[in-house]
Amino acid sequence: MKLFEKLKKANTLRIVFFGIATVAVVALTLLNVYSLYELRNSSIESATDVKKLQIEEFANSIQYQFYNSVWDIRKLDMNTVKTGWQNNQNLPDSFTQILQTVSKDPLYSNIHFIHKNNDGCIDPAYPVYRFDAAQDRFVTIDEAPDLVCDGFGISKSRARAIVDDYRFNTRTTFDSHRSMTIALVDLTDNSVVGHLNLLIDKDYLLNDYIAEEMAKSFGDADESGIVVWLRDWIQDDILLSSDPDYTYNRDEYPIDIRQRFSDSLDDWNIHATILESPTIAASDASLTRNLIVLGVAVFVLFGALIFIFINAQRERELAERQAGFLANITHELKTPLAVMQAAGENLADGRVTEGKRLKSYGDHIYNESVRLKRMIEKLLDAAKVDSGQLSTQQAPHFLQELTAEFVEANRGYIEDQGFTFNFTHDKNLPLVMVDADHIETTLNNLVENAMKYSRDEKEISVKVEKKGGYVAISVSDKGTGIPKNSLRYIFDKFYRVEDSLTAKTKGHGLGLSIVKNMVELNGGTINVKSDYGKGSTFIVKFPTLMTSDPNIDQPASSSTNDALTKEKVGPYVQ
Ligand code: ADP
Numbered sequence: 011m012k013l014f015e016k017l018k019k020a021n022t023l024r025i026v027f028f029g030i031a032t033v034a035v036v037a038l039t040l041l042n043v044y045s046l047y048e049l050r051n052s053s054i055e056s057a058t059d060v061k062k063l064q065i066e067e068f069a070n071s072i073q074y075q076f077y078n079s080v081w082d083i084r085k086l087d088m089n090t091v092k093t094g095w096q097n098n099q100n101l102p103d104s105f106t107q108i109l110q111t112v113s114k115d116p117l118y119s120n121i122h123f124i125h126k127n128n129d130g131c132i133d134p135a136y137p138v139y140r141f142d143a144a145q146d147r148f149v150t151i152d153e154a155p156d157l158v159c160d161g162f163g164i165s166k167s168r169a170r171a172i173v174d175d176y177r178f179n180t181r182t183t184f185d186s187h188r189s190m191t192i193a194l195v196d197l198t199d200n201s202v203v204g205h206l207n208l209l210i211d212k213d214y215l216l217n218d219y220i221a222e223e224m225a226k227s228f229g230d231a232d233e234s235g236i237v238v239w240l241r242d243w244i245q246d247d248i249l250l251s252s253d254p255d256y257t258y259n260r261d262e263y264p265i266d267i268r269q270r271f272s273d274s275l276d277d278w279n280i281h282a283t284i285l286e287s288p289t290i291a292a293s294d295a296s297l298t299r300n301l302i303v304l305g306v307a308v309f310v311l312f313g314a315l316i317f318i319f320i321n322a323q324r325e326r327e328l329a330e331r332q333a334g335f336l337a338n339i340t341h342e343l344k345t346p347l348a349v350m351q352a353a354g355e356n357l358a359d360g361r362v363t364e365g366k367r368l369k370s371y372g373d374h375i376y377n378e379s380v381r382l383k384r385m386i387e388k389l390l391d392a393a394k395v396d397s398g399q400l401s402t403q404q405a406p407h408f409l410q411e412l413t414a415e416f417v418e419a420n421r422g423y424i425e426d427q428g429f430t431f432n433f434t435h436d437k438n439l440p441l442v443m444v445d446a447d448h449i450e451t452t453l454n455n456l457v458e459n460a461m462k463y464s465r466d467e468k469e470i471s472v473k474v475e476k477k478g479g480y481v482a483i484s485v486s487d488k489g490t491g492i493p494k495n496s497l498r499y500i501f502d503k504f505y506r507v508e509d510s511l512t513a514k515t516k517g518h519g520l521g522l523s524i525v526k527n528m529v530e531l532n533g534g535t536i537n538v539k540s541d542y543g544k545g546s547t548f549i550v551k552f553p554t555l556m557t558s559d560p561n562i563d564q565p566a567s568s569s570t571n572d573a574l575t576k577e578k579v580g581p582y583v584q
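One rule links them: number in my numbering = place in the sequence shown (from 1) + 10.
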């Protein structure tokens with residue numbers, strides 16, 4: 011609210027600059043937060059991409075495994091195979107060598123050959139053959155296993171679909187994870203020779219081969235940041251898991267990556283969940299760090315902006331007050347001079363001879379010169395404070411004695427102005443280390459203000475008492491009081507409360523700033539309590555002196571018991 015009031019007081023240009031700076035800071039902050047989020051997301055995305063690629067490669071490598079032992083079959087001339095088969099199964103060596111290799115491949119449990127003309131797997135004219143590795147040849151079997159017939163059926167119908175347009179000498183089809191059948195194609199006449207069926211050992215495939223590959227590729231989920239499951243999606247069954255500590259549960263571990271096998275194993279697929287990987291955790295941590303740094307930077311920047319703004323505002327107000335002060339003070343310095351000049355002229359002319367009038371003229375000159383002197387003293391004090399030349403001559407004093415001297419010297423004048431003037435003090439107060447002149451100036455200013463800002467209830471109380479480790483002088487009045495929101499400014503140079511009550515009094519806002527400087531120079535503090543419309547109390551506190559201090563023999567004020575003379579204190583500036 012206060013900030014808003016300050017903003018309201020500021021000139022438009024400053025508000026515009028402040029607005030632009032604020033918008034710039036906010037925009038920069040938002041931009042930074044946005045880029046940080048983008049950076050985090052892209053690093054998460056790229057981590058996910060890497061995992062996707064890894065899973066794709068894993069699925070491919072499993073598929074390639076089916077072709078591993080049969081790879082060389084593509085190099086065979088199927089016309090030779092066909093002729094050999096027709097010629098009493100006299101198969102080329104290159105073919106039987108491949109069959110020997112395949113029979114040693116643990117992935118396959120049996121190799122069967124079925125002639126292309128075989129009908130429905132039970133055709134007596136074209137029997138089903140099984141490769142016997144020991145005899146290195148195919149042997150006829152009475153009844154073909156169902157799985158062989160299934161694979162043959164799929165291969166035969168697929169091969170038939172591409173009549174006369176074979177590009178390769180083999181055409182491979184899968185009966186999911188059960189068998190792989192290779193149609194052997196004679197490219198010389200574009201005809202199928204027969205179907206070579208390889209039964210897949212599911213147990214080996216799952217528990218030896220894929221399980222091992224999975225462990226190799228993904229292993230401990232906490233390290234790799236990913237859990238991979240092999241799932242039979244038709245049976246809705248989890249066949250394998252890369253880390254048994256993680257149970258397949260989509261609520262707990264949402265599936266981030268799904269991967270199918272492109273031509274084999276078509277009733278299985280891979281599901282994977284990405285855990286809080288070290289990369290993501292690191293990018294999250296860096297995001298948090300960056301946000302904190304950014305937050306602090308924005309906070310400091312805003313703080314600095316507001317500080318600069320308020321400072322500029324204060325300086326402007328000070329400059330305005332200073333300008334107003336110069337105009338006033340010139341006027342006020344001239345007034346007593348003019349009075350003195352006129353009175354002096356009259357006296358010098360010898361026109362005034364009557365005793366009563368002579369005294370009145372003398373009083374005029376005296377009072378005005380005292381007023382002038384006090385004003386000049388105040389100005390000099392202010393100048394000294396400004397230039398840092400204010401120095402103290404501290405000595406041990408009893409504050410109640412200094413105050414009593416002040417009261418004694420000024421009571422008459424104050425009471426003449428219609429005030430009730432109370433002075434009380436505690437007994438046996440300790441010594442304090444202060445400059446007596448500064449205490450006098452302080453009391454002068456505080457009592458002068460108490461008088462100036464009193465209205466109907468003319469009562470001033472001065473009290474000296476012990477407060478903890480301090481001796482305090484308080485000056486109270488029952489005057490105008492000070493508005494709450496002005497309290498913290500009244501010690502500022504040239505500051506005057508802007509209200510109708512203060513406007514009726516003369517002043518320049520110098521007294522309290524001088525007092526504060528003097529009090530602080532003497533190691534004290536000044537505070538004010540005020541009830542607006544009811545009165546104010548100014549409290550000046552100085553730390554007590556340890557009387558056991560060997561450097562201190564005698565209090566300075568008790569040795570200089572001289573009451574202040576009229577010249578020394580004089581009446582108050584009105
Ligand atoms: P001034 O010459 O205006 O009195 P000061 O620095 O002594 O300058 O005081 C600053 C302002 O504090 C005054 O203008 C007045 O508004 C307020 N003030 C100071 N003393 C009192 C008081 N005893 N009662 C009410 N207001 C006071």
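In this text, a Cβ means the ideal position worked out from N, Cα and C, and glycines have one as well.
Item, Value
"Residue 510 CB to nearest heavy atom of the ligand NAP below 8 Å", "Annotation note on the ligand NAP: not contained in the displayed structure, which lists the ligand ADP as its ligands."
"C-beta contact flag for residue 334 and residue 501 at 9 Å", "no"
"Contacts around residue 164, its chain only, beta-carbon distance under 6 Å, and the 5 residues preceding and following it disregarded", "183, 185"
"N-terminal and C-terminal residue of the beta strand (DSSP E) that residue 362 is part of", "It is not in any beta strand (DSSP E) - residue 362 carries neither H nor E in the DSSP assignment."
"Residue range of the beta strand (DSSP E) that includes residue 506", "Here residue 506 belongs to no beta strand (DSSP E), and DSSP marks it neither H nor E."
"Status (buried if at least 16 other CB within 10 Å, exposed otherwise) for residue 474", "buried"
"Option nearest residue 371 by Cα separation, candidates 355, 448, 463", "355"
"Proximity winner among 524, 460, 427, relative to residue 393 (alpha-carbon distances)", "524"
"Three-state secondary structure assigned by DSSP to residue 475", "strand"
"For residue 86, the three-state DSSP class (helix, strand or coil)", "coil"
"Distance CB(residue 72)-CB(residue 271) smaller than 9 Å", "yes"
"Short Cβ contact (9 Å threshold) for residue 195 with residue 231", "no"
"Cβ contact (3+ pairs, closer than 8 Å) linking the stretch 480-497 and the stretch 542-552", "yes"
"Backbone CA spacing between residue 294 and residue 47 [nearest angstrom]", "9 Å"
"Per DSSP, cross-strand counterpart(s) of residue 551", "482, 535"
"Whole-angstrom distance between residue 322 and residue 26, CA atom to CA atom", "14 Å"
"Buried/exposed call for residue 108, threshold 16 Cβ in 10 Å", "buried"
"Spatial distance of residue 148 from residue 94 (CA atoms)", "12 Å"
"Residue 338 beta carbon less than 9 Å from that of residue 518", "yes"
"Same chain only: Cβ atoms within 6 Å of residue 142, ignoring 5 sequence neighbours per side", "149"
"Sub-9 Å separation of residue 404 and residue 532 beta-carbons", "yes"
"Given residue 39 as reference, the closest of 134, 300, 213 once Cα atoms are compared", "300"
"Beta bridge counterpart(s) of residue 354 as assigned by DSSP", "Paired residues: none, contrary to the question."
"Cβ shell of residue 106 (< 6 Å), same chain only, five flanking positions each side left out", "146"
"Of the listed residues 240, 412, 56, nearest to residue 275 (C-alpha basis)", "240"
"Nearest neighbour of residue 277, chosen from 243, 54, 30 [CA to CA]", "243"
"Residues sharing a beta bridge with residue 118, DSSP", "210"
"Reduced DSSP category for residue 556 - H, G, I as helix; E, B as strand; rest coil", "coil"
"Segments assigned beta strand (DSSP E), at least 3 residues, entirely inside the stretch 280-346", "none"
"As assigned by DSSP and simplified to three states, the class of residue 250", "strand"
"Contact check, residue 486 vs residue 507, beta carbons under 9 Å", "no"
"Residue 431 CB to nearest heavy atom of the ligand ADP below 8 Å", "no"
"Residue 515 beta carbon near the ligand ADP (any heavy atom closer than 8 Å)", "yes"
"Beta-carbon gap between residue 179 and residue 86 smaller than 9 Å", "yes"
"Cut-off 6 Å between Cβ atoms - residues of its own chain near residue 92, not counting five sequence neighbours on either side", "196, 203"
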